[in-house]
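The letter at position 102 of the sequence shown is residue 207 when you use the numbering used here, and the numbering goes up by one with no holes. Encoded as structure tokens, the structure appears first; notes follow it.
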Amino acid sequence: MVLPVRISGKDSANNPVNELAHTLDITPNGARLGAIHHALKAGDKLTLQYRQRRIQFRVVWVKAMEGTSEYQVGLEGLGSIGENWGLELPESGIADEYQTSTTTTS
């Protein structure tokens, strides 16, 4: 689902980030963003604003796009996200691409 968003925080060089971007995918617990122009790294914390909502995320992966100066970024929500998008998102048993499955052994 493509939504216009604003991100703010600090990039990997500790420079302020405040730019417009867009979602490529969203889930109740995370998002994939496109059109990012700052070099971010896994672990960076960002505030994403969608409409009047501000949601806290952690960067879990970054992919440089070939032939451009843009990045795609995978985000994981901090705290309880759920309905913070203000949208009805389908519940799914499918893990986000950036989440790893865990197994327990006894």
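Glycine included, every Cβ here is placed at the ideal spot set by N, Cα and C. Computed from a predicted model, the values in this text were never measured in an experiment.
The ligand PLP and residue i: does any heavy atom of the ligand fall closer than 7 angstroms to the residue's C-beta?
i: T152; result: This structure lacks the ligand PLP, and indeed carries no ligand of any kind.
Is residue i close to chain C? Criterion is C-beta to C-beta, closer than 8 angstroms.
i: G172; result: Annotation note: the requested chain C is absent from the structure, which comprises a single protein chain.
Taking 6 angstroms as the limit between beta carbons, can you name the residues of its chain near residue i, skipping five residues before and five after?
i: P109; result: H127
i: Q154; result: R111
i: L129; result: R137, G139
Taking all protein chains shown into account, do 16 or more other C-beta atoms lie within 10 angstroms of the C-beta of residue i, making it buried, or fewer, making it exposed?
i: T173; result: exposed
i: V107; result: exposed
i: S206; result: Confidence is the limiting factor: at S206 the pLDDT is only 44, short of 50, which leaves the residue's position unreliable, though a coordinate-based value still follows. Burial call: exposed.
i: H143; result: buried
i: L125; result: exposed
i: M183; result: Inspection of the sequence shows that residue 183 is occupied by Leu rather than by Met. Counting Cβ neighbours within 10 Å, L183 comes out exposed, since fewer than 16 surround it.
i: V164; result: buried
i: A169; result: exposed
Can you check DSSP and say which residues form a bridge with residue i?
i: E124; result: I112
i: D130; result: R137
Who are the near neighbours of residue i in its chain, counting only those whose CB is closer than 8 angstroms to its CB and skipping five residues on each side?
i: T152; result: I112, S113, G114, R159, I160, Q161, F162
Taking residue i as the reference, which of the options has the closest Cα?
i: N119; options: L180, R156, D149; result: D149
Excluding five sequence neighbours on each side, which residues of the same chain lie with their C-beta closer than 7 angstroms to the C-beta of residue i?
i: S117; result: A144, L145, K146, D149
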